[in-house]
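S.K.:
In the working numbering, the protein residues as written are 37 to 162.
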């Protein structure tokens with residue numbers, strides 16, 4: 037199912053692990069990936085590379101193109117808001133948002149509460 041991913045990176049991970057997860061993200065149907073946190077620009081590059089690799093470094097069909105963004109100096113709440121109101125594909129409706137929290141402890145309820153609060157705001161930064 038075409039989807040968007042918000043990747044929250046709190047823990048430092050190996051390049052190999054990042055690449056494995058990036059491959060999984062691309063192969064899971066992600067068409068828009070937003071990275072936030074530690075080394076978020078490396079995650080942006082890694083998902084780009086995974087998508088290129090999936091297509092043998094040739095032309096990528098529009099319906100398989102993965103948009104990637106990294107949000108190094110923005111609050112997480114702004115990234116969540118962006119994921120709801122700005123992260124869209126021009127041709128395919130992305131109804132599903134997957135939040136991948138890379139952290140050693142389970143924060144599911146905390147993260148979901150922050151996500152729900154952020155997307156309920158009328159504008160970014162609320």
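Positions of the beta carbon are idealized from the N, C-alpha and C atoms, including for glycine.
Source: prediction; values computed, not measured.
Can you tell me whether DSSP reads residue 112 as helix, strand or coil?
M.R.: In the chain shown, counting from the first residue as 1, residue 112 sits at position 76. DSSP places residue 112 in helix when its eight states are reduced to three.
S.K.: Rounded to whole angstroms, what is the Cα-Cα separation between residue 112 and residue 95?
M.R.: In the chain shown, the residue the question calls residue 112 occupies position 76. In the chain shown, the residue the question calls residue 95 occupies position 59. Roughly 33 angstroms separates the two Cα atoms.
S.K.: What first and last residue would you give for the alpha helix (DSSP H) that runs through residue 137?
M.R.: Residue 137 sits at position 101 when you count from the first residue of the chain shown. Per DSSP, residue 137 belongs to no alpha helix (DSSP H); it is in the beta strand (DSSP E), 132-138.
S.K.: Among 61, 121, 75, which one has its Cα closest to the Cα of residue 107?
M.R.: Your numbering for residue 107 matches position 71 in the chain shown. Residue 75 is the option with its Cα nearest to residue 107.
S.K.: Looking only at its chain, what residues have a beta carbon closer than 7 angstroms to the beta carbon of residue 73, apart from the 5 residues adjacent to it on each side?
M.R.: One-based indexing of the chain shown puts residue 73 at position 37. Within the same chain, residue 73 has close Cβ partners 44, 45, 46.
S.K.: Can you have a look at residue 50 and say buried or exposed, based on whether 16 or more other CB atoms are within 10 angstroms of its CB?
M.R.: Counted from its first residue, the chain shown places residue 50 at position 14. Classification for residue 50: exposed.
S.K.: Using DSSP with H/G/I as helix, E/B as strand and the rest coil, what is residue 96?
M.R.: Numbered from 1 along the chain shown, position 60 holds the residue referred to as residue 96. In the structure shown, residue 96 sits in coil (DSSP, three-state: anything other than H, G, I, E or B).
S.K.: From residue 131 to residue 149, what distance separates their C-alpha atoms?
M.R.: Residue numbering aside, residue 131 sits at position 95 when the chain shown is read from its first letter. Residue numbering aside, residue 149 sits at position 113 when the chain shown is read from its first letter. Their backbone Cα atoms lie some 19 angstroms apart in a straight line.
S.K.: Out of 134, 155, 52, state which residue places its alpha-carbon closest to the alpha-carbon of residue 67.
M.R.: For this step, residue 67 is matched to residue 31 along the chain shown. The option with the nearest alpha carbon to residue 67 is 134.
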